[in-house]
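Protein chains in written order, with the working numbering: chain A, 1 to 259; chain B, 1001 to 1254. We put the beta carbon where it would ideally sit given N, CA and C, even for glycine. Being a predicted model, the structure only gives us computed values, none of them experimental. Right, one structure below, let's go through it.
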Amino acid sequence: MSGILAGRRAYVTGGSSGIGAAIVKVFAQEGARVAIGASRHADEARAMASDLRSSGGKHIVVQADLYDQQQTGRAADEVLAGLGGLDIFVHSAGIDVTQTAPTHETSDELWDRMMTLHLTAAFRLSKRLIPALLKGKNPSIIFIGSVCGLVAWQDDVAYNVAKAGLQHLGRCIASDYAKSGLRANIIAPGVIDTPLTRNYASGMPGGEAEGLKTLASMHPIGRIASANEIAEAAAFLASDKASFITGVVLPIDGGLTMV
Amino acid sequence: MSGRLAGKKALIYGGGTGIGLACAEAMAREGAAVFISGRREGVLRDAVEGLKAHGKAGFASGDATVATDVQRVTAAAVQFMGGLDTILVSAGAGGRTPIFDTPVEEFQRIIDHSLLPAFLAMRYGAMHLMAAGKGSVIVISSMYGLVGQEERAAYCAGKHGVIGLVKSAALDFADKGVRVNAMCPGFVETPLSLEVVKQEADPEAVLQAKRLMHAIPRAGRLDEMGELAVYLASDPAAFVTGQAIAIDGGYSTR
């Protein structure tokens, strides 16, 4: 089997559902061998691992709670041991807005959770994985940010700031390792049709169907995106086709952030 | 025919040489019919001979800063390919333009060559792109469309301006199935850029400095420009619009 990621070893956090799962599928189709990161949905991840085929060998599942520092370190070790090294690291693990509130009503606990999973986990995993990535084949890091890291979405301060931090972490990594052959880029999706989004829409006025319509109307293109559209971009950025692209924040947002 | 752009019909301004030709080649290799335009007929004729190895390829010469030329080239492209769904604009002009002593005419010339081709290409291509139901416009800006550079006032203004044009046009087209994006390359070794370097006192030193100014310490390659253009023209990029994407080895990140 060939493909633009043939022979690559990739670790995708948050790989059991939503954007992460779409990335795992496209990477596998493009020939990569994937370590599917999961926490609560490890069974789904195992089912994916056995369903998907790749030229690179069997996919593996790495179960870890990325809020926990020790488990995060163990996850990195398991990835490197399981794949025998690493060429691509994608941090897609995330939680969406669980409570919308202005800044002064945002709990410290929510703030900490948002920062830990989106930003601190990405830093901790990068620290552990970069030495291995530097020995990998044309290595690359991709962070899944958000349009909320670019614009100040109302009543969502913790998520916005965590994603903005993640995006800048990616740019810093791009700068630190540009001469060493490791690229780092960030995708900033608009609203994507995922279980998290449907759950969010169900809490909007009029329920899920009306909520999805409202979300679609926020994008100049007039719809929300499929997770596959994010995964295709991730595959492009991770491949040799993007060999001169580093430090880029690529919004895939149907024009949302330019208005 | 297979390929990521199978069935697409692409008109490439500045398609006879350099980045424009590299993008035309990459699009043709992915299955698109291509139609190139530029000022020099002989250059276009030679380039099309190479493009024909991949599939349908045609050309018409014209000045992309002249409305009547762009109208004529657009009509010729539509007739040759049986429609039009992809436009790439790789036209422009450079030159040293410090703010202190640049002749007004030189500033105006560079601005015109930066902005008019993109505007005219969309202005006269619009109805065909919308008729196709699904279209993509790609304008070659520059990393100097994102950051400033000394002694390049006109070029930076023009390339920044292109990005404003791209964002506004993307909104005009957003609900009509047509996407508009800009690519912002770093230094790429093309026949034109190498010719400019040759006029320097120490060409090899200047060339090396241009390569090493990127965080990834080398020049961008033409094939890398083609790959990004193919992605932006392809259906998997259907939610990407209004963006200015740096392909500059991290230059604008630092």
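Problem - Buried versus exposed, by CB contacts within 10 Å (16 or more), L125/A - result: As a first step, residue 125/A is located in the first sequence; it is residue number 125 there, counting from the start. L125/A comes out buried.
Exercise for the section: Output the residue ranges of the beta strand (DSSP E) runs that lie fully inside the segment 79 to 165 of chain A and measure 3 residues or longer, sorted by chain position. Expected result: 88 to 91 and 140 to 144
Exercise for the section: Anything in chain B within Cβ reach of L250/A, meaning under 8 Å, just list it in chain order. Expected result: Counted from its first residue, the first sequence places residue 250/A at position 250. Correct list: V1240, Q1243 and I1245.
Practice task
Would you mind sorting A238/A into buried or exposed? The rule is 16 or more other CB atoms within 10 Å of its CB.
Solution key: The residue you call residue 238/A lines up with position 238 of the first sequence. Buried: at least 16 other Cβ atoms inside 10 Å.
Problem - Residues that Y1013/B bridges to, as DSSP identifies them - result: Mapped onto the second sequence, residue 1013/B falls at position 13. Bridge partners of Y1013/B: S1037/B and V1089/B.
Exercise for the section: Could you please tell me which residues of the segment 1189 to 1223 of chain B, in chain order, have their CB closer than 8 Å to any CB of chain A? Expected result: H1214, A1215, I1216, P1217, G1220 and R1221
Practice task
Kindly list, in the order they appear in chain B, the residues whose Cβ is closer than 7 Å to that of R171/A.
Solution key: Here residue 171/A refers to the residue found at position 171 of the first sequence. Going along chain B in sequence order, the residues near R171/A (Cβ under 7 Å) are T1253.
Problem - Start and end residues, beta strand (DSSP E) containing R1123/B - result: Residue mapping note: residue 1123/B aligns to position 123 of the second sequence, counting from 1. Here R1123/B belongs to no beta strand (DSSP E); instead the alpha helix (DSSP H) covers V1104 to A1132.
Handout entry: Closer than 7 Å at the beta carbon, the chain B residues around V268/A
Key = Since the displayed chain A opens at 1 and closes at 259, residue 268/A lies outside it and no answer follows.
Practice task
Check whether the Cβ of K1167/B lies closer than 7 Å to any Cβ atom in chain A.
Solution key: Working through the second sequence from its first residue, we reach residue 1167/B at position 167. Yes, K1167/B lies at the interface with chain A (some Cβ there is under 7 Å from its Cβ).
Exercise for the section: With 9 Å as the C-beta to C-beta threshold (strictly closer), list the residues of the segment 1051 to 1063 of chain B near chain A in chain order. Expected result: none
Exercise for the section: Put S202/A into one of helix, strand or coil per three-state DSSP. Expected result: Working through the first sequence from its first residue, we reach residue 202/A at position 202. S202/A: helix per DSSP, three-state reduction.
Handout entry: Amino acids of chain A, ordered along the chain, whose beta-carbon sits closer than 9 Å to that of D1175/B
Key = Translated into the one-based positions of the second sequence, residue 1175/B becomes position 175. By Cβ distance, chain A contributes P220, I221 and G222.
Exercise for the section: Could you tell me whether the segment 1233 to 1241 of chain B touches the segment 1001 to 1011 of chain B, where touching means 3 or more Cβ pairs closer than 8 Å? Expected result: yes
Exercise for the section: Given a cut-off of 7 Å, decide if V249/A and A188/A are closer than it, judged by their beta-carbon atoms. Expected result: The residue given as residue 188/A occupies position 188 in the first sequence. The residue given as residue 249/A occupies position 249 in the first sequence. Yes, they are a contact pair.
Handout entry: Sequence-distant residues of its chain with Cβ nearer than 8 Å to V1197/B (five each side left out)
Key = Position 197 of the second sequence, counting from 1, holds the residue named residue 1197/B. Here the set comprises P1203, V1206, L1207 and K1210.
Practice task
Could you tell me the distance, in whole angstroms, from the CA atom of R74/A to the CA atom of S16/A?
Solution key: Mapped onto the first sequence, residue 74/A falls at position 74. Mapped onto the first sequence, residue 16/A falls at position 16. The straight-line gap from Cα to Cα measures roughly 18 Å.
Exercise for the section: Taking the CB atoms as reference points, tell me whether L1129/B and V1178/B lie closer together than 7 Å. Expected result: As a position in the second sequence, residue 1129/B is number 129, starting the count at 1. As a position in the second sequence, residue 1178/B is number 178, starting the count at 1. Their beta carbons are under 7 Å apart, which means L1129/B touches V1178/B by this criterion.
Handout entry: Inter-stretch contact (C-beta, 8 Å, three-pair minimum) for the segment 1161 to 1170 of chain B and the segment 1101 to 1119 of chain B
Key = yes
Exercise for the section: Report yes if the C-beta distance between I221/A and A1174/B is below 7 Å; otherwise report no. Expected result: In the first sequence, counting from the first residue as 1, residue 221/A sits at position 221. In the second sequence, counting from the first residue as 1, residue 1174/B sits at position 174. Result yes, Cβ atoms of I221/A and A1174/B sit closer than 7 Å.
Practice task
Please decide whether K135/A counts as near chain B, where near means a Cβ-Cβ distance under 7 Å.
Solution key: By one-based count along the first sequence, residue 135/A stands at place 135. Taking Cβ atoms only, chain B never reaches closer than 7 Å to K135/A, which makes this a no.
Problem - the segment 165 to 185 of chain A contacting the segment 195 to 214 of chain A, beta-carbon criterion three pairs below 8 Å - result: no
Problem - Closest by C-alpha distance to F123/A, when choosing among A76/A, M48/A and I60/A - result: Start at 1 with the first residue of the first sequence, and residue 123/A comes out as number 123. When only C-alpha atoms are compared, the closest one is A76/A.
Exercise for the section: Quick one: which residues of the segment 1015 to 1047 of chain B get their C-beta closer than 8 Å to a C-beta of chain A? List them in chain order. Expected result: none
Exercise for the section: Please decide whether I88/A counts as near chain B, where near means a Cβ-Cβ distance under 7 Å. Expected result: Stepping through the first sequence from its first residue, residue 88/A is reached at position 88. I88/A does not count as touching chain B.
Exercise for the section: Give me whichever residues DSSP pairs with M1183/B in a beta bridge. Expected result: Taking the first residue of the second sequence as position 1, residue 1183/B is located at position 183. M1183/B is bridged to I1140/B and I1245/B.
Problem - Y67/A, DSSP secondary structure in three states - result: By 1-based counting over the first sequence, the position of residue 67/A is 67. Note: Y67/A maps to coil in three-state DSSP.
Practice task
With 7 Å as the threshold, decide whether the Cβ of G1226/B is near any Cβ in chain A.
Solution key: Along the second sequence, one-based indexing puts residue 1226/B at 226. Taking Cβ atoms only, chain A never reaches closer than 7 Å to G1226/B, which makes this a no.
Exercise for the section: Determine the closest residue to L297/A out of L182/A, G31/A, L196/A and I60/A, with distance taken between C-alpha atoms. Expected result: Since the displayed chain A opens at 1 and closes at 259, residue 297/A lies outside it and no answer follows.
Exercise for the section: Have a look at A1093/B, A1024/B and A1182/B and flag the residue whose alpha-carbon is nearest the alpha-carbon of H1054/B. Expected result: Within the second sequence, numbered from 1, the residue matching residue 1054/B stands at position 54. Checking every option, the nearest Cα to that of H1054/B belongs to A1024/B.
Practice task
Select from I144/A, V161/A and A184/A the residue whose C-alpha is nearest the C-alpha of I23/A.
Solution key: Residue mapping note: residue 23/A aligns to position 23 of the first sequence, counting from 1. If we check each option's Cα against that of I23/A, I144/A comes out closest.
Practice task
Give the residues of chain A in contact with G1250/B, contact being defined as C-beta atoms less than 7 Å apart.
Solution key: As a position in the second sequence, residue 1250/B is number 250, starting the count at 1. Neighbours of G1250/B on chain A, chain order: A174, S175, A178, T246 and G247.
Practice task
Please decide whether K241/A counts as near chain E, where near means a Cβ-Cβ distance under 7 Å.
Solution key: In summary, chain E is missing from the structure at hand, where the protein chains are A and B.
Problem - DSSP state of P251/A mapped onto helix, strand, coil - result: Here residue 251/A corresponds to residue number 251 of the first sequence, with the count starting at 1. Reduced to three states, the DSSP call for P251/A is strand.
Exercise for the section: Using a threshold of 7 Å, state whether the C-beta atoms of D176/A and K137/A are closer than that. Expected result: Mapped onto the first sequence, residue 176/A falls at position 176. Mapped onto the first sequence, residue 137/A falls at position 137. No, they are not a contact pair.
Problem - Interface flag, P1103/B vs chain A, CB-CB below 7 Å - result: The residue given as residue 1103/B occupies position 103 in the second sequence. For P1103/B, the answer is no, since every Cβ of chain A falls outside 7 Å of its Cβ.
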